[in-house]
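Q: In this text, residue positions in the sequence shown follow my numbering: the first is 28, and each later residue adds one. Cβ atoms here follow ideal geometry from the backbone N, Cα and C, with glycine treated the same way.
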Amino acid sequence: MSGSDDYISRLPDSGFGPNAGGLPVIPGGWMSREVVIGSQTFSLALPADPNEFLSDPETLASRPDDDDYAPYWPHLWTSARPMAEAIASANWTDATRTLELGCGVGLVGLAGLASGLDVTFSDYEPHAVQLAHHNAHANGFDKAGALVLDWREPISERFPVILACDVVYDVSDHLPLLDLLAVMLEERGCCWIGDAGRQTAASFIELARRRNFDVELHDEYGNRMLEPHVGRFQLMQLRAGR
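(1) Thinking C-alpha only, which one of Phe240, Asn239 and Ala229 is nearest Leu253?
(2) Distance, Cα to Cα, Pro51 vs Gly139?
(3) Since Ser149 and Leu174 should fall inside the 8 Å C-beta cutoff, what is the C-beta to C-beta distance between them, to a whole number of angstroms?
(4) Using beta-carbon positions only, say whether Gly268 and Asp241 come within less than 8 Å of one another.
(5) Taking the alpha carbon of Glu213 as the point to measure from, which residue in Glu112, Asp83, Pro84 and Thr125 has its own alpha carbon closest?
(6) Could you give the first and the last residue of the continuous beta strand (DSSP E) run that contains Ser230?
(7) Which residues share a DSSP beta bridge with Asp222?
(8) Taking the alpha carbon of Trp104 as the point to measure from, which residue in Met263, Ala155 and Ala223 has its own alpha carbon closest?
(9) Taking all protein chains shown into account, do 16 or more other C-beta atoms lie within 10 angstroms of the C-beta of Pro74, making it buried, or fewer, making it exposed?
(10) Helix, strand or coil for Ser70 per DSSP?
(11) Look at the Cβ atom of Glu112, then the Cβ atom of Gly65, and state whether they are nearer than 8 Å.
(12) In whole angstroms, what is the alpha-carbon distance linking Arg259 and Ile232?
(13) In terms of residues, what are the limits of the alpha helix (DSSP H) holding Ile23?
(14) Please name the residue, chosen from Leu158, Gln157 and Ala122, that lies closest to Ser142 on a Cα-to-Cα basis.
(15) Quick one: Cα of Trp178 to Cα of Val210, how far?
(16) Strictly by DSSP, which residues pair up with Cys217?
(17) Use the C-beta contact count for Asn162: other C-beta atoms within 10 angstroms, 16 or more gives buried, fewer gives exposed.
(18) Closest to Trp100 by CA distance: which of Ala155, Pro54 and Gln264 is it?
(19) Enumerate, from N- to C-terminal direction, the unbroken beta strand (DSSP E) stretches of 3 or more residues contained entirely within the region 112-187.
(20) Would you mind reading off the limits of the beta strand (DSSP E) that contains Asp241?
(21) Which residue from Ser106, Asp76, His160 and Leu134 puts its Cα closest to that of Val62?
Here's what the structure looks like:
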């Protein structure tokens with residue numbers, strides 16, 4: 028299903044009209060940035076000013092019952108780069124079907140595509156999926172898949188590799204995320220989660236182990252860690268326990 032036309036068609040209308048570059052018109056407009064990961068240089072389209080969304084009527088109207096809503100997808104988060112570096116330096120089996128959760132602008136998934144993985148970008152926000160898919164095509168990866176996905180409503184498709192970055196900052200998301208992994212991660216599959224060293228990582232790891240996941244921790248240089256740390260990038264590698 029990854030990369031097929033009917034898969035892409037599951038993206039709903041963005042709500043904004045398309046501009047000349049094929050991207051939606053957004054508050055603050057677009058900018059481009061080059062990001063070097065390993066030997067690869069990616070050209071990314073990014074929202075020029077993510078803060079413009081905070082006062083955008085259409086954005087606020089999309090969450091009328093959530094006074095604290097703030098869209099996170101327009102940001103290129105700092106931990107995305109070391110996560111992408113970790114993916115680029117790993118040994119993967121070519122064409123392994125891979126799901127990226129919370130894809131945002133798509134840098135992590137792009138690193139997977141450049142490493143030979145068959146990546147499907149997913150996010151709760153349709154704009155994020157549209158942008159990540161656009162960035163994949165702009166960098167020559169025209170077979171990338173795209174899926175709007177609510178963690179609380181996982182689909183039956185399973186993946187041997189799942190990637191995510193900056194997804195454990197909210198404790199209320201920990202259980203839905205682990206429930207999704209129980210459904211969508213293949214038996215003996217692996218899930219890599221990059222984290223900026225948030226205090227909430229420890230509680231996520233504890234819950235994951237209680238849910239029978241084996242968890243390994245590594246720093247940004249690939250060194251094994253015994254405990255999570257705060258304020259520095261760390262990579263959590265999860266596998267379903269036997």
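A: The short version:
(1) Ala229
(2) 25 Å
(3) 4 Å
(4) yes
(5) Thr125
(6) Taken as a continuous stretch (DSSP letters only), Ser230 belongs to no beta strand (DSSP E), being part of the alpha helix (DSSP H) at Thr227 to Arg237.
(7) Gln261.
(8) Ala223
(9) buried
(10) strand
(11) yes
(12) 16 Å
(13) Missing from the structure shown is residue 23; the chain here goes from 28 to 269 and no further.
(14) Ala122
(15) Taking the straight line joining both Cα atoms gives about 10 Å.
(16) Val188 and Arg266
(17) The Cβ neighbour count for Asn162, taken over all protein chains shown within 10 Å, is at least 16; the residue is labelled buried.
(18) Ala155
(19) 124-128, 145-150 and 172-175
(20) Phe240 to Asp246
(21) Leu134
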